[in-house]
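K.L.:
Below you will find the structure I want to go over with you.
Residue numbers (our numbering): 45 to 142.
Okay, here's the thing in structure tokens:
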């Protein structure tokens, strides 16, 4: 491996090209600074959109967990009410005469 190739690789590492899968080709860098700045802005917009989506989904999860907890309490209340009721329906002979 030539010294020049190692220097180009080192430059690519320090400039962040390799982290973004932008590898240098032949003797020149794959991206020029203007293009790189545009790519960074694009990635920043994507990150912001993803973060907004994560926030929205986290809020939805909290909402659904609260609904789940409320339903659990309602089911528990229904179970406690049903335990207080008689287990069997009254037989026709047990009904009072009118």
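Every residue gets a Cβ at the ideal spot worked out from N, C-alpha and C, and that includes glycine.
When the Cα atoms are used, what is the spatial distance from residue 55 to residue 103?
P.N.:
43 Å
K.L.:
Can you tell me which of the three DSSP states residue 125 falls into?
P.N.:
helix
K.L.:
Quick check on DSSP: helix, strand or coil for residue 54?
P.N.:
Under the three-state reduction of DSSP output, residue 54 falls in the helix class.
K.L.:
Just how far apart, CA to CA, sit residue 79 and residue 106?
P.N.:
40 Å
K.L.:
Using 10 angstroms around the beta-carbon of residue 87, count the other beta-carbons present and answer buried if the total reaches 16, otherwise exposed.
P.N.:
exposed
K.L.:
Measure the alpha-carbon distance for residue 120 versus residue 109 and round it to whole angstroms.
P.N.:
16 Å
K.L.:
Within 10 Å of its beta-carbon, does residue 89 have 16 or more other beta-carbons around it, so buried, or fewer, so exposed?
P.N.:
That one is exposed.
K.L.:
Could you give the DSSP three-state label for residue 94: helix, strand or coil?
P.N.:
helix
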